[in-house]
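Taken in sequence, the protein lines are chains A and B.
Once you know that position 262 of the first sequence is 505 in the numbering used here, the rest is easy, because the numbers rise by one and skip nothing.
Once you know that position 318 of the second sequence is 319 in the numbering used here, the rest is easy, because the numbers rise by one and skip nothing.
A short write-up of the structure that comes next.
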Amino acid sequence: MSDSTTAAPTEKLTKKQLKADHPTWCPACGDFAVLASFFNVVQKLGIPHEKICVVAGIGCSSRFPYFVNAHGIHFIHGRALPLATGISLSRPDLHVFVFGGDGDGFSIGGNHLNHAARKNVNLSYVVMDNFVYGLTKNQTSPTTPIGRKSKTDPRGAIDRPINPMAQLVASGATFIARSHAAQVKHMNEMFERAILHPGFSVVETLSECTMFYPGAFDDGNPRKGGAFELVDEETQEMDSIEAAMGLTADLSPGKFGVYYETQRPTKNELEREWLTDAQSKIGDATQKDLLRQRFASMR
Amino acid sequence: MSQTTAPSSDTIRNAVIRLAGNSQDGIQSIGAFLGQLAGSTAQDVMTYMTIPSTISGGPSIFQVHLGSGEVLHPGDEADTLVAFYQHSYDGHLHTLKDGGICFYDSDNVEELKEERGIIHIGVPFTSATIEAIGGNAKSRGKNIFVLGLLCAVYQLDRERISEIMSAKFGKKSEDILRNVMLAFDAGYAWPVHDIEHMPMAPGENAAEKRLSTDGNTMLALGLIAGGVRYGAGYPITPWTSIMEFLRSELPKYNGMFIQCEDELAAVSMAIGAAYSGHLAITGSSGPGLALKSEAVGYACMAEIPLIVVNIQRGGPSTGLPTSVEQSDLMQAIYGSPGDAPRIVLAPRDVEDCFYTAIEACRLAKKYSTPVLILSDQAIATRLEAFEEPDLEKHWVEPTLDLTEEDADWKPYPLDKITRHSSPGSRSSQEKYPVVTGLEHDEWGHPSGNPLNHEKMTAKRRDKLIDLANSLPTPEVHGETSGSLLFVGWGSTYGPIKEATDRMISEGHKVGSINLRHVHPLPNGLTDLFEQYDHILVPEMNDSGLYGYGQLATLLRAKTCNGKIESVNKVQGISFRVLEIVTAAEALIAKA
């Protein structure tokens, strides 16, 4: 999303101003790094404090709003995106950030992801994907790899995991990126670009659950012997669906960076256009006059 | 109740006309024209229709009750039946009163049943329309031919109805308007020698400005007048026409209505707009309300002002999608996990939809909580005529409050009603709130403290008790004490009021009330009920396992009054006046 970031940053927020409750996450949880990165970017972009709006559904990562000192709303499981859509459409002055996990976004809220993406609602969405249900203590999630054992799959997961990146490309999101919570600089860059993008921007961030799925993302972490391979934006055709789909073929660990980026009118712009048109046709009539005219047509 | 419609040259005060055909024949538009005509000629009107819940139409009826004075119901039995097909004739002749008149399309109806003194008048609707319009016209326009015929028989205001038709069809094309007028004139001039014309008496509702429309339109207009500018929904019968209307209208009022991917998204999006500081609405019919119930419970917990409309239909599950029922009362009041108190209002007729919507807006803001409006399929789709609302009195200007919060402001104070700080509002202490569905302390921090949960539960409940304390006892129609009090809610208002009048005229000491506020209930009911020997609650829902309808069950719980009894109907159609009178007389006789 974009919009009022262009307003001259008057006084930059300090980390102290942005911090709220100490996170209730487990020690070394990947989500700490996501939170730190969010603070970095919000500070850098100079977003006015009262214009920050942090939205989440249910899950470990969805506790996010309590840890940010900003207007926040902690909603029900899976419905953060439609709630955030209501905020974004009715309050274009706000910066709407949605945080959540793989269960919230890809399972119980899966339908809303498709529709928020195709409508190109102006907001930024960070999915902290840990491949497991953590808050309810180790059940299979929609991104759990086949064979991985959990309390609901004691013999190992048997269902093919969804491919979030392919789904986002197919649904029509206009900015799709992938990052890793162990790569703070990369996260900063992805978040910043997502925030500056006009429209529906998503960053899937692999964020390790140290309690129930330790080591899940070691293969993407050079410090743990993995490979953090970046998308080459010089050679990648950024607004090509086919090229983006090509990147989604192998996500273990896959490439990191922006998979797809394009410009398309946002839902916000298209709806506002109708409002502006309707308003221009009305002329000097007050809203009360309009209703009176309506009554007159019903006599 | 139609008082007199015997064929005579005297004027008549009431006429119940039942049009039976197929839904694609445009019989609804005959009814709509008659309704609009009544509204603009100081007459009163109420309509009733059935719509097949099939895709491509099918047998359908439209009944119009015209009256010079007040019309309270669509009519127990028809004075005049217009049958377009053999199946219409066979299926609806029994709804015609003894000695009534049946106009039938002699091109389609062949076998007549001579019974109960019914006067049959065959008119070739189809061929006469084709002949009148000429060219390659098919039978389209036979509805207008019938309209002309009825205008002649009842001596309705021909000039006014021509104006109404010109306004409706003139915009489309001159050709269409010409054909419409040809069909109308042919019907108007058709000789019906077997009966005399029955001129309607002049209308007595001489209020300067009268409107005629349906309940869903009036509900949508009431929401706009009450300050709603944002909303979201998903199509479901019979709620859909409200969302269609708001989708088209709200942009003119600088607002927005969004069609969502499902019911869950719709309620969530509305809550998003409400959290943002706007008055917002979502709505549905029974099954959709069930899908929204988790989020409505969230709005109770997080104390978000939200308006939720439910246009009730026959249930459970997909049930009877195009029929009327009042079986969502318990769902509206209790349909969320946990103790989730919310306000529930019910409009009694089309006009009342407007004022109930405004009341819902007021209460949602005042108590920062969801308000459900329970209308029903009958009110939603029928036409009525009534006085134009006075906007000077009722208009509410929408506001977006973004004032900076003082140091002592808290989102969830225990000693005050919650008033949220909308995003975008600065905080003088630079301390911003989280709105939440987790149990929370006064600052919105999650809290599992046992005593805190009890206090917060009480806080959310007590504001509704505060509302109950402020509600006046509903005004009694009829006797304020005596043998029986009818208690109704929603669209049973008309038939109950008429039943009350009829029983009083027969010497019974009865009264009736209609409850707009069904949750919380007004406190004065307990004392009021003491004034009568019997309390009878007519409801369009099942008497359940314990023998009482949904409102009756609540009234018994609230008042501990063992005299409360139910009369229930679940046929997907409204009460006939006679059914209510019969049940009341039986109850009185039993004692």
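Using N, Cα and C, we set each Cβ at its ideal position, and we do this for glycine too.
In whole angstroms, give me the CA-to-CA distance for residue i and residue j.
i: Ile514(B); j: Asn542(B); result: 18 Å
i: Ala553(B); j: Asp340(B); result: 21 Å
i: Asp372(A); j: Glu447(A); result: 7 Å
i: His93(B); j: Gly316(B); result: 25 Å
i: Gly100(B); j: Lys114(B); result: 13 Å
i: Phe282(A); j: Ala263(A); result: 11 Å
i: Met2(B); j: Ile119(B); result: Note that Met2(B) scores 36 on pLDDT, short of 50, meaning its location in the model is unreliable and no value can be drawn from it.
i: Pro335(A); j: Trp268(A); result: 32 Å
i: Lys460(B); j: Leu415(B); result: 6 Å
i: Ile405(A); j: Phe342(A); result: 19 Å
i: Arg211(B); j: Glu389(B); result: 5 Å
i: Leu473(A); j: Met433(A); result: 12 Å
i: Gly390(A); j: Lys294(A); result: 44 Å
i: Pro8(B); j: Ser286(B); result: Because the pLDDT at Pro8(B) is just 42, under 50, the model does not fix this residue reliably, and the value given afterwards should be weighed accordingly. Near 43 Å, if we compare the C-alpha coordinates of Ser286(B) and Pro8(B).
For residue i, collect the residues of the same chain with a Cβ closer than 7 Å to its Cβ; drop the 5 residues on either side in sequence, then sort them by chain order.
i: Ala360(A); result: Leu411, Ser414, Gly415, Ala416 and Phe443
i: Gln4(B); result: With a pLDDT of only 40 at Gln4(B), under the threshold of 50, the placement of this residue in the model should not be trusted, and no figure is reported.
i: Asp402(B); result: Gly278 and Ser423
Taking the alpha helix (DSSP H) that residue i falls in, what are its first and last residues?
i: Leu38(B); result: Ile28 to Ser41
i: Cys531(A); result: Sequence inspection shows Lys at residue 531(A); the Cys mentioned does not correspond to that position. Element bounds for Lys531(A): Gln530 to Ser540.
i: Ile225(B); result: Gly216 to Gly227
i: Arg503(B); result: Tyr494 to Ser506
i: Pro325(A); result: Ala323 to Ser333
i: Arg19(B); result: That residue, Arg19(B), is in no alpha helix (DSSP H); its beta strand (DSSP E) goes Asn15 to Asn23.
i: His454(B); result: Pro451 to Ser471
i: His88(B); result: Gln87 to His93
i: Met596(B); result: The displayed coordinates of chain B run from 2 to 592. Any statement about residue 596(B) would go beyond what the structure contains.
i: Val568(B); result: Run containing Val568(B): none in the alpha helix (DSSP H); it sits in the beta strand (DSSP E), Ile565 to Asn569.
i: Asp288(B); result: A quick correction: the sequence has Pro, not Asp, at residue 288(B). Per DSSP, Pro288(B) belongs to the alpha helix (DSSP H) from Gly287 to Ala303.
i: Thr560(B); result: Gln551 to Thr560
i: Cys362(B); result: Val351 to Tyr368
Below 7 Å on C-beta distance, what does residue i contact in chain A?
i: Pro252(B); result: Trp517, Leu518 and Ala521
i: Gly425(B); result: Glu293, Lys294, Arg334, Asp336 and Leu337
Tell me which residues share the same chain as residue i and place their Cβ nearer than 6 Å to its Cβ, disregarding the 5 neighbours each side in the sequence.
i: Ala585(B); result: Leu485 and Leu537
i: Val519(B); result: Val345, Ala347 and Trp490
i: Phe170(B); result: Ile177, Leu178 and Val181
i: Ala250(A); result: Note that Ala250(A) has pLDDT 48, beneath the 50 cutoff, so the model's placement of it is unreliable and the number below is only indicative. Closer than 6 Å at the Cβ level, and outside the excluded window around Ala250(A), lies no residue.
i: Pro308(A); result: Val297, Ala299, Gly315 and His317
i: Glu352(B); result: Phe387
Whose Cβ in chain B lies nearer than 7 Å to the Cβ of residue i?
i: Gln530(A); result: Tyr254
i: Tyr368(A); result: Under the 7 Å cutoff, chain B gives no residues; its nearest Cβ is about 14 Å from Tyr368(A).
i: Leu533(A); result: Lys253 and Tyr254
Which two residues bound the contiguous beta strand (DSSP E) that contains residue i?
i: Pro371(B); result: Pro371 to Asp377
i: Ser324(B); result: Here Ser324(B) belongs to no beta strand (DSSP E), and DSSP marks it neither H nor E.
i: Glu264(B); result: No beta strand (DSSP E) holds Glu264(B); the alpha helix (DSSP H) holding it covers Glu264 to Tyr276.
i: Trp240(B); result: Where Trp240(B) is concerned, there is no enclosing beta strand (DSSP E), given that its DSSP letter is neither H nor E.
i: Thr81(B); result: Ala79 to Ala84
i: Trp490(B); result: Gly483 to Trp490
i: Thr448(A); result: Phe443 to Leu449
Would you mind telling me which residues of chain B sit closer than 8 Å to residue i, beta carbon to beta carbon, in chain order?
i: Gln260(A); result: Glu431
I want to verify the contact list: residues of chain A whose CB lies under 9 Å from the CB of residue i, in sequence order.
i: Tyr231(B); result: Gly329, Leu332 and Ser333
i: Thr437(B); result: Pro308, Tyr309, Gly315, Ile316, His317 and Phe318
i: Gly295(B); result: Sequence inspection shows Glu at residue 295(B); the Gly mentioned does not correspond to that position. Ile319, His320 and Arg322, listed in chain order.
Considering only residues of the same chain and omitting the five flanking positions on each side of residue i, which have a CB-CB separation below 8 Å?
i: Thr319(B); result: Pro288
i: Pro371(B); result: Val297, Ala300, Cys301, Ile305, Pro306, Leu307, Ile308, Val309, Arg343, Ile344 and Ala365
i: Val477(B); result: Leu486, Gly512, Ser513, Ile514 and Leu529
Which bits of chain B does residue i rub up against, with CB to CB less than 9 Å?
i: Phe538(A); result: Lys210, Leu212, Leu222, Glu389, Pro390 and Leu392
i: His358(A); result: Cys261, Glu262, Asp263 and Ala266
i: Glu476(A); result: Simply none; closest approach about 32 Å.
Does the ligand ZN have a heavy atom nearer than 7 Å to the CB of residue i?
i: Arg343(B); result: In the structure on display, the ligand ZN does not appear, and there are no ligands present to speak of.
*Between the region 418–436 of chain B and the region 308–323 of chain A, do three or more beta carbon pairs fall short of 8 Å?*
Yes, the region 418–436 of chain B touches the region 308–323 of chain A.
_Validate contact between the region 151–161 of chain B and the region 183–191 of chain B using beta carbons, cut 8 Å, 3 pairs_ = Taking 8 Å as the limit for Cβ pairs, the verdict is that the region 183–191 of chain B does touch the region 151–161 of chain B.
*Is the region 394–408 of chain A close to the region 369–383 of chain A, with three or more CB pairs under 8 Å?*
In short, these stretches touch, since the Cβ pair count reaches three.
_Cβ contact check for the region 404–420 of chain B and the region 238–254 of chain B: 3 or more pairs under 8 Å_ = Because the criterion of three Cβ pairs below 8 Å is not met, the region 404–420 of chain B and the region 238–254 of chain B do not touch.
_Given 8 Å, three or more beta-carbon pairs between the region 523–536 of chain B and the region 471–488 of chain B_ = Flag = yes, the region 523–536 of chain B and the region 471–488 of chain B touch.
*Does the count of Cβ pairs from the region 66–73 of chain B and the region 41–55 of chain B closer than 8 Å reach three?*
Per the Cβ contact rule, the region 66–73 of chain B is in contact with the region 41–55 of chain B (3 or more Cβ pairs under 8 Å).
*Does the region 262–271 of chain B touch the region 341–358 of chain A, meaning 3 or more C-beta pairs lie closer than 8 Å?*
Yes, they touch.
*asked:* Three or more C-beta pairs under 8 Å: does that hold for the region 509–522 of chain A against the region 224–233 of chain B?
replied: Short answer: they don't touch.
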